[in-house]
Amino acid sequence: MDEPTDSFRQRVFQIIAAIPAGSITTYGEVALLAGSPRAARQVGGILSRLPEGTALPWHRVLNRHGGISLPGEGFRRQKAALEAEGIEINDQGTVSLERYRWQW
DNA sequence: CTCTTGACGAAAC
DNA sequence: TGTTTCGCCAAGA
21 MDEPTDSFRQ RVFQIIAAIP AGSITTYGEV ALLAGSPRAA RQVGGILSRL PEGTALPWHR
81 VLNRHGGISL PGEGFRRQKA ALEAEGIEIN DQGTVSLERY RWQW
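This note's numbering numbers the first residue of the first sequence as 21 and each following residue consecutively.
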């Protein structure tokens, strides 16, 4: 009966979809809320395979230091998406967790 | 079943 | 202090 009708991946989708514009969270936090406190790495793996036109606000997920984990072009795209929501982000791709961290 | 893969994170160096 | 190594675990092959 308690079949995993919703996989870890699906729970991650729902959690990220609930992050309001102008706020951010971390991979570890998403993993925790999804029920696997040490599966932060899996969250990143899931986001890496999102289709291009996805409606999921994947750009609101940052690493433990409030920084962008993507290299090159991905870095630029995520930084621009965050700035478009009014989030201040420096050239290193880091935001203030204290200011923007989201909790339910 | 085993083995591999990582948009992570914390601990060692 | 910055850099490297190691542990973690969902998913797919």
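Ideal Cβ placement from N, Cα and C applies to all residues, glycine included.
{"Asked": "Could you tell me which residues DSSP puts in a beta bridge with Arg29?", "Found": "None; Arg29 has no bridge partner."}
{"Asked": "Express the C-alpha separation of Gly48 and Thr114 in angstroms, rounding to a whole number.", "Found": "16 Å"}
{"Asked": "Which term fits His79, buried or exposed, when burial requires 16 or more other beta carbons within 10 angstroms of its beta carbon?", "Found": "buried"}
{"Asked": "Could you pull the DSSP bridge partners for Arg80 from this structure?", "Found": "The partner list for Arg80 (beta bridge, DSSP) is empty, contrary to what the question assumes."}
{"Asked": "Does the Cβ of Leu102 have 16 or more other Cβ atoms within 10 Å, making it buried, or fewer, making it exposed?", "Found": "buried"}
{"Asked": "Can you tell me which of the three DSSP states Gly48 falls into?", "Found": "helix"}
{"Asked": "Kindly indicate which residue of Ser116, Trp122, Ile36 has the alpha-carbon position closest to the one of Thr74.", "Found": "Ile36"}
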